[in-house]
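Notes to accompany the following structure.
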Amino acid sequence: MTWLPIGTIDDIPQRGARCVVTPQGKIGVFRTHDDRIFAIEDHCPHKGGPLTQGIVHGASVTCPLHNWVISLETGLAQGADEGSVRTIPLKVEEGRILIALDRQLMAAE
Amino acid sequence: MRPMTEKLVIVGNGMAPGRMLEHLFEEAPGRYEVTIFNAEPRVNYDRIMLSPVLAGEKSYDDIVIHGDGWYIQNGVTLYKGHKIVAIDRGAKTVTSDHGVTESYDRLVIATGSVPFIIPVPGKDLPGVITYRDLDDVNAMLLAAQSRDKAVVIGGGLLGLEAAAGLKERGMDVTVLHVMPTLMERQLDPAAGYLLQKAVEARGIKVMTKANTKAIVGNGKVEGVELADGTVIPATLVVMAVGIRPNVALAKEAGLAVNRGIVTDDRMATSDPDILSVGECAEVGGNVYGLVAPLYEMARVAAANLAESADKRFVHSDTPTKLKVTGIDLYSLGDFADGDDREEIILRDASAGVYKRVVLRENRIIGTVLFGETADGAWFNDLKKKETDISEMRDTLIFGQAFQGGASADPLAAVAALADDAEICGCNGVCKGKITGTITSKGLTSLDDVRAHTKASASCGTCTPLVEKLMVLTLGDSYNPAAIQPMCSCTTLGHDEVRRLIKAKRLKTIPAVMQELEWKTSCGCARCRPALNYYLVADWPDEYADDYQSRFINERVHANIQKDGTYSVVPRMWGGVTSAKELRAIADVVDKFAIPTVKVTGGQRIDMLGVRKEDLPAVWSDLGKAGFVSGHAYAKGLRTVKTCVGSDWCRFGTQDSTGLGIRIEKFMWGSWTPAKVKMAVSGCPRNCAEATCKDVGVVCVDSGFEIHFAGAAGLDIKGTEVLGQVKTEDEALEVIVALTQMYREQARYLERIYKWAKRVGYDEIRRQVLDDLPRRREFYDRFVFSQKFAQVDPWSERVSGKDKHEFRPLAAVRYQLAAE
Chain A
181 MTWLPIGTID DIPQRGARCV VTPQGKIGVF RTHDDRIFAI EDHCPHKGGP
231 LTQGIVHGAS VTCPLHNWVI SLETGLAQGA DEGSVRTIPL KVEEGRILIA
281 LDRQLMAAE
Chain B
229 MRPMTEKLVI VGNGMAPGRM LEHLFEEAPG RYEVTIFNAE PRVNYDRIML
279 SPVLAGEKSY DDIVIHGDGW YIQNGVTLYK GHKIVAIDRG AKTVTSDHGV
329 TESYDRLVIA TGSVPFIIPV PGKDLPGVIT YRDLDDVNAM LLAAQSRDKA
379 VVIGGGLLGL EAAAGLKERG MDVTVLHVMP TLMERQLDPA AGYLLQKAVE
429 ARGIKVMTKA NTKAIVGNGK VEGVELADGT VIPATLVVMA VGIRPNVALA
479 KEAGLAVNRG IVTDDRMATS DPDILSVGEC AEVGGNVYGL VAPLYEMARV
529 AAANLAESAD KRFVHSDTPT KLKVTGIDLY SLGDFADGDD REEIILRDAS
579 AGVYKRVVLR ENRIIGTVLF GETADGAWFN DLKKKETDIS EMRDTLIFGQ
629 AFQGGASADP LAAVAALADD AEICGCNGVC KGKITGTITS KGLTSLDDVR
679 AHTKASASCG TCTPLVEKLM VLTLGDSYNP AAIQPMCSCT TLGHDEVRRL
729 IKAKRLKTIP AVMQELEWKT SCGCARCRPA LNYYLVADWP DEYADDYQSR
779 FINERVHANI QKDGTYSVVP RMWGGVTSAK ELRAIADVVD KFAIPTVKVT
829 GGQRIDMLGV RKEDLPAVWS DLGKAGFVSG HAYAKGLRTV KTCVGSDWCR
879 FGTQDSTGLG IRIEKFMWGS WTPAKVKMAV SGCPRNCAEA TCKDVGVVCV
929 DSGFEIHFAG AAGLDIKGTE VLGQVKTEDE ALEVIVALTQ MYREQARYLE
979 RIYKWAKRVG YDEIRRQVLD DLPRRREFYD RFVFSQKFAQ VDPWSERVSG
1029 KDKHEFRPLA AVRYQLAAE
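Protein sequence lines, in the order shown, are assigned to chains A and B.
The numbering of the first sequence is my numbering, which starts it at 181 and goes up by one.
The numbering of the second sequence is my numbering, which starts it at 229 and goes up by one.
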């Protein structure tokens, strides 16, 4: 598995998100109020809404289209809704964010 | 012939004379010129509620019955802190200890009662107090600050309430009771035992058969010595062993006095010009200490004074309830054992429930309930009506819900009560009176019901019953727990949060969450946008807008679509555009390959399907043509729709287009609780459809008719007319003031029509149309807020603000074959 550097913590606002474009679709990288960083697919299991555009609260994000709440930790839909998104392995080294993708032959621009 | 107004003097200002005056002013307004002498230096307050004040559940202000304003309104002269020392029946005057002499035509003596002080050595030591009025409560509160030891002498109603209150305030409390069980006058021994266990469970020590011999101490209280020689240390001793009617003044005046001041059943004393009500009066050989019969005396005395009806005092049993939170106790009538009596008993030891109904000839004559008292009113009703209970004898003790196969639905039980069933024992209000008044007066709130019927206005224990009656009468439109929390992060409702933000001067979202005890670390997608709006609206110059708490549309100033693209609507003031503007839009559509262009209902042009990354460039091109954001995405001022008005239309009466543009240019950029759409029509033909908008103007020959609170979305509702003004300037000022009032008061996401219905159209009219200084204040606050709000968000972002919103963090691609 190759770890790809994609940016730094400071590139993402607290309680906010940025997206990373990949050939397999968009990935959302989220920063919580207490500076934890998570990466999940940027694609709501409900109707495919862009989760990076939602409001981040605790370790969850609320989808901007129909208010599904998705856990950033597990990728599972919260409450009565059922569904999940893929979580992407991520680590932070000295403020630099690295993600691991399935395919090895990748590079970040 | 009687004089135009007669002089009525009242000695004492407790609950009984207070209630008497309420009846009197209703039945014979203006007949008497009223003067009250109150030995206490204050207004009339609810003495029943002293225990909750002591326990810290209420404050003095909460228990005031008649504030100073009431005396002024009713033309009553109140001498506070004046004790009457002499009545001269010959001259028909009274004289106070401060030397004020007042003459009377009719006199009412309502001196109440004095606490009984047991005549033991040390009774006058500092630290020995009684439990009678607010001064006593204040003295206890002061003593409780020591968190030291207290002894309460007397295990009756008052003594136990005092003990519970002092314990609540942190004192170490012992109750001494001379009899073998607590409250022996109201409870049988079994219930007395359960009560003792419940009191002890709160950490209060109880000693029964405890005979006080002396109060010991050197210069101040140090302890209580019992007959057996035991000394219980204490720094505070509360004497609550009983009361006796305060008859000294009446006796000196030569009135007939027995245990109390003797009156006939119309509350007249042996001197027909002098009446007596309250705990000092003895009627039919009885003196009373509970509020219900005292209020009955007040009713009778008022009728006597007003000469309105021939009302007579009739004795009835009054239930006893203990006002100690968490201990439910109810007793009524006669429950002594006897040969001619039978009893039905239910005990549930694990639940701490004891119920006993005493019967004579199949009729209830007494009831004791402990632990579960909901059926008290029902038993009372059966007793009062002397209902033959033989039919339901087997299930009687289980209560009303078990009769006639009815379900255990508490609402059904209340619905099944007869119209003359008493609901409020303190004020003698029956079910029919409550439901009838709710219907005839259109009451919708508990406070209204209390004001109109007095039900649950005294001790408040019947509040749940009254609320059930409101649910029965009003249906779903009455919600007893009307405060809907903002979201699951808090128990507070929107109104409460808005009030506290201002009262506590909270100026950041973390401060709100900290001070108002939010249950989550940083809120949720429901409360954060609401809080952000409230802070923007309340502190326009100080609050730093938190974009992470805004919905995506307001964060990127465009409307998200189902596929994640955005729509862009530039502002066209009043719906007016030009060839240059249209050309610029056409160029943008071509350049960015925007798939759909559509005209909106608010007379604007909408470009749909713009990619997020393209937004700043789109705005840049639009900005060069002079466009600013149309705020089509905002909880804010959206559009002002207009017709062509007097410029072109042969029917137009005013320049509706010009006024629409003026309003829009003045108000754009302001954030509001929900979207605001406006329209201006140039004549009553109303081509701009102003009468279904949040705010609308219909121009007429003589000026401008201002409309508000319309809706044409989820709900359809024609507007209400706010009023008519003569000039454009005035129209603008009224509309701005209305919007500002809405901004300051409404709940987040609540449209104007819903807010206005809740607040009342008349109230809004009064504040923004009739009350000129107030209108001006709203206007000024809006203008101040606009200084910070009227910044074009598009040009800000073209200049680089929030760049991160519009660019991916990174793009990843397949790497070409590596080495």
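Note that CB positions come from ideal geometry on N, CA and C, so glycine has one too.
The structure displayed is predicted, hence computed values, not measured ones.
Return the residues of the stretch 767-780 of chain B that lie within a Cβ-Cβ distance of less than 9 angstroms from chain A, sorted by chain order. Residues passing the 9 angstroms Cβ filter: D774, Y775, Q776, S777, R778, F779, I780.
Take the Cβ of I737 of chain B as the centre, count every other Cβ of all protein chains shown within 10 Å, and call the residue buried at 16 or more, exposed below. In the second sequence, counting from the first residue as 1, residue 737 of chain B sits at position 509. Buried, by the Cβ-count rule.
Less than 8 angstroms between the CB atoms is what I'm expecting for A419 of chain B and V581 of chain B, so what's the real figure, rounded? Within the second sequence, the letter at position 191 stands for residue 419 of chain B. Within the second sequence, the letter at position 353 stands for residue 581 of chain B. With 8 angstroms as the limit, A419 of chain B and V581 of chain B do not qualify as a contact, their Cβ atoms being about 10 angstroms apart.
If A239 of chain A sits next to R216 of chain A, beta carbons under 8 angstroms apart, how far is it from one beta carbon to the other, in whole angstroms? Within the first sequence, residue 239 of chain A is the residue found at index 59, counting from 1. Within the first sequence, residue 216 of chain A is the residue found at index 36, counting from 1. About 7 angstroms; that satisfies the 8 angstroms criterion.
For the candidate residues A:I186, A:L184, A:G187, A:D191, whose alpha-carbon lies nearest to that of H1032 of chain B? Against the second sequence, residue 1032 of chain B aligns to sequence position 804. When each option's Cα is compared against that of H1032 of chain B, the closest is A:D191.
Within 9 angstroms of any Cβ in chain A, is that where the Cβ of V725 of chain B sits? Locating residue 725 of chain B in the second sequence gives position 497, where the first residue counts as 1. Contact of V725 of chain B with chain A is not assigned, every C-beta pair being separated by 9 angstroms or more.
Helix, strand or coil at I337 of chain B [DSSP, three-state]: Within the second sequence, residue 337 of chain B is the residue found at index 109, counting from 1. If DSSP states are grouped into helix, strand and coil, I337 of chain B belongs with the strands.
Quick one: is Q628 of chain B buried, meaning 16 or more other Cβ sit within 10 Å of its Cβ, or exposed? Within the second sequence, numbered from 1, the residue matching residue 628 of chain B stands at position 400. Residue burial annotation: Q628 of chain B is buried, with at least 16 other C-beta atoms found within 10 angstroms of its C-beta.
For R839 of chain B, the nearest candidate out of B:K819, B:G851, B:G829, B:F855 (CA to CA): Position 611 of the second sequence, counted from the first residue, corresponds to residue 839 of chain B. Ranking the options by Cα distance to R839 of chain B, first place goes to B:K819.
Say whether chain A places a C-beta atom closer than 9 angstroms to the C-beta of A1038 of chain B. As a position in the second sequence, residue 1038 of chain B is number 810, starting the count at 1. Yes, its Cβ sits closer than 9 angstroms to a Cβ of chain A.
Which one or two residues does DSSP pair with Q952 of chain B in a beta bridge? Position 724 of the second sequence, counting from 1, holds the residue named residue 952 of chain B. BP columns for Q952 of chain B point to B:E933.
Per-residue contacts from L736 of chain B into chain A (C-beta, under 9 angstroms): Stepping through the second sequence from its first residue, residue 736 of chain B is reached at position 508. The question names Leu, but residue 736 of chain B is Thr in the sequence shown. In chain order: nothing, as chain A lies at least about 13 angstroms away.
By the 10 Å Cβ neighbour count, where 16 or more other Cβ atoms means buried, how is S716 of chain B classified, buried or exposed? Taking the first residue of the second sequence as 1, we reach residue 716 of chain B at position 488. Looking at its Cβ environment, which holds fewer than 16 other Cβ atoms inside 10 Å, S716 of chain B is exposed.
How long is the line joining the alpha carbons of T828 of chain B and D834 of chain B, rounded to whole angstroms? Position 600 of the second sequence, counting from 1, holds the residue named residue 828 of chain B. Position 606 of the second sequence, counting from 1, holds the residue named residue 834 of chain B. Cα to Cα, the separation comes out at about 7 angstroms.
In angstroms with no decimal places, state the Cα-to-Cα distance between G633 of chain B and A641 of chain B. As a working mapping, residue 633 of chain B is identified with position 405 in the second sequence. As a working mapping, residue 641 of chain B is identified with position 413 in the second sequence. At G633 of chain B the pLDDT is 46, less than 50, meaning the model places this residue with poor confidence; the figure from the coordinates comes in the next sentence. Rounded to the nearest angstrom, the two C-alpha atoms are 11 angstroms apart.
Leaving aside the five residues before and after G398 of chain B along the sequence, list all residues of the same chain whose C-beta is less than 8 angstroms from its C-beta, in chain order. Working through the second sequence from its first residue, we reach residue 398 of chain B at position 170. The beta carbon of G398 of chain B sits closer than 8 angstroms to those of A372, R375, all from its chain and outside the five residues before and after it, given in chain order.
N- and C-terminal bounds of the alpha helix (DSSP H) containing N1054 of chain B: Here chain B comprises residues numbered 229 to 1047, so residue 1054 of chain B is not present and cannot be evaluated.
Give me the Cα-Cα distance between S279 of chain B and L386 of chain B, rounded to the nearest whole angstrom. As a first step, residue 279 of chain B must be located in the second sequence, where it is residue number 51. As a first step, residue 386 of chain B must be located in the second sequence, where it is residue number 158. For S279 of chain B and L386 of chain B, the distance between alpha carbons rounds to 8 angstroms.
Judging by CA-CA distance, which residue of B:F253, B:G295, B:L335, B:V465 is the nearest neighbour of V348 of chain B? Taking the second sequence and counting its residues from 1, one reaches residue 348 of chain B at position 120. Taking only the C-alpha atoms, the option nearest V348 of chain B is B:V465.
Please check the pair L503 of chain B and V452 of chain B, which I expect to be a contact at CB under 8 angstroms, by giving their CB distance rounded to whole angstroms. Sequence index remark: in the second sequence, residue 503 of chain B carries index 275 (1-based). Sequence index remark: in the second sequence, residue 452 of chain B carries index 224 (1-based). Not really, about 41 angstroms apart at Cβ, beyond 8 angstroms.
What whole-angstrom Cβ distance do D562 of chain B and G594 of chain B have, given they're in contact under 8 angstroms? Indexing the second sequence from 1 puts residue 562 of chain B at position 334. Indexing the second sequence from 1 puts residue 594 of chain B at position 366. The distance from the Cβ of D562 of chain B to that of G594 of chain B is about 4 angstroms, consistent with a contact at the 8 angstroms cut-off.
Chain A beta carbons: is any one of them nearer than 9 angstroms to that of P757 of chain B? Position 529 of the second sequence, counting from 1, holds the residue named residue 757 of chain B. For P757 of chain B, the answer is yes, since a Cβ of chain A falls inside 9 angstroms of its Cβ.
Got a sec: is the Cβ-Cβ distance from P244 of chain A to anything in chain B below 9 angstroms? Looking up residue 244 of chain A in the first sequence gives position 64. With 9 angstroms as the cut-off, P244 of chain A counts as an interface residue toward chain B.
Does the stretch 268-281 of chain A come into contact with the stretch 480-491 of chain B, if we say contact requires no fewer than three beta-carbon pairs (one atom in each stretch) closer than 8 angstroms? No, because fewer than three Cβ pairs between the stretch 268-281 of chain A and the stretch 480-491 of chain B fall closer than 8 angstroms, the two stretches do not touch.
Is M286 of chain A helix, strand or coil by DSSP? Position 106 of the first sequence, counting from 1, holds the residue named residue 286 of chain A. The predicted model places M286 of chain A with a pLDDT of 48, which falls under 50 and marks its position as unreliable, so this point remains unresolved.
Assuming contact is defined by CB atoms lying nearer than 9 angstroms, are T615 of chain B and I592 of chain B in contact in what I supplied? Position 387 of the second sequence, counting from 1, holds the residue named residue 615 of chain B. Position 364 of the second sequence, counting from 1, holds the residue named residue 592 of chain B. Their beta carbons are under 9 angstroms apart, which means T615 of chain B touches I592 of chain B by this criterion.
Beta-carbon of R839 of chain B versus every beta-carbon of chain A: anything under 9 angstroms? In the second sequence, counting from the first residue as 1, residue 839 of chain B sits at position 611. It does not; no Cβ of chain A falls within 9 angstroms.
Check the C-beta distance from T467 of chain B over to T436 of chain B and give it rounded, since I have them as a contact under 8 angstroms. For the purposes of this step, residue 467 of chain B is identified with residue 239 of the second sequence, where counting begins at 1. For the purposes of this step, residue 436 of chain B is identified with residue 208 of the second sequence, where counting begins at 1. Reading off the sequence shown, one finds Met at residue 467 of chain B, where the question assumed Thr. About 17 angstroms; that fails the 8 angstroms criterion.
In its own chain, which residues sit with a C-beta less than 7 angstroms from the C-beta of R540 of chain B, not counting the 5 before and 5 after it? Counting from 1 along the second sequence, the entry for residue 540 of chain B is found at position 312. The residues D493, R494, V528, in chain order, have a CB closer than 7 angstroms to that of R540 of chain B in the same chain once the five nearest residues on each side in sequence are set aside.
Can you give the Cα-Cα distance for G460 of chain B and I432 of chain B, rounded to whole angstroms? Numbered from 1 along the second sequence, position 232 holds the residue referred to as residue 460 of chain B. Numbered from 1 along the second sequence, position 204 holds the residue referred to as residue 432 of chain B. The sequence shown places Ile at residue 460 of chain B, rather than the Gly named in the question. Taking the straight line joining both Cα atoms gives about 14 angstroms.
Chain C within 9 angstroms of D261 of chain A, Cβ atoms only: As a matter of chain content, chain C is missing from the structure shown, whose protein chains are A and B.
What do you reckon, are the CB atoms on A918 of chain B and V926 of chain B nearer than 9 angstroms? By one-based count along the second sequence, residue 918 of chain B stands at place 690. By one-based count along the second sequence, residue 926 of chain B stands at place 698. Yes, they are a contact pair.
Nearest residue (CA-CA) to D333 of chain B, options B:A478, B:V342, B:A772, B:D499: Within the second sequence, the letter at position 105 stands for residue 333 of chain B. Closest by alpha carbon: B:D499.
If you draw a straight line from the C-alpha of R259 of chain B to the C-alpha of I291 of chain B, how long is it? In the second sequence, counting from the first residue as 1, residue 259 of chain B sits at position 31. In the second sequence, counting from the first residue as 1, residue 291 of chain B sits at position 63. If you draw a straight line from the Cα of R259 of chain B to the Cα of I291 of chain B, it comes to about 29 angstroms.
Are the CB atoms of T701 of chain B and I666 of chain B nearer to each other than 9 angstroms? In the second sequence, the residue the question calls residue 701 of chain B occupies position 473. In the second sequence, the residue the question calls residue 666 of chain B occupies position 438. Yes, they are a contact pair.
Check V515 of chain B in the structure and name its three-state DSSP category. Numbered from 1 along the second sequence, position 287 holds the residue referred to as residue 515 of chain B. V515 of chain B falls in the strand class under three-state DSSP.
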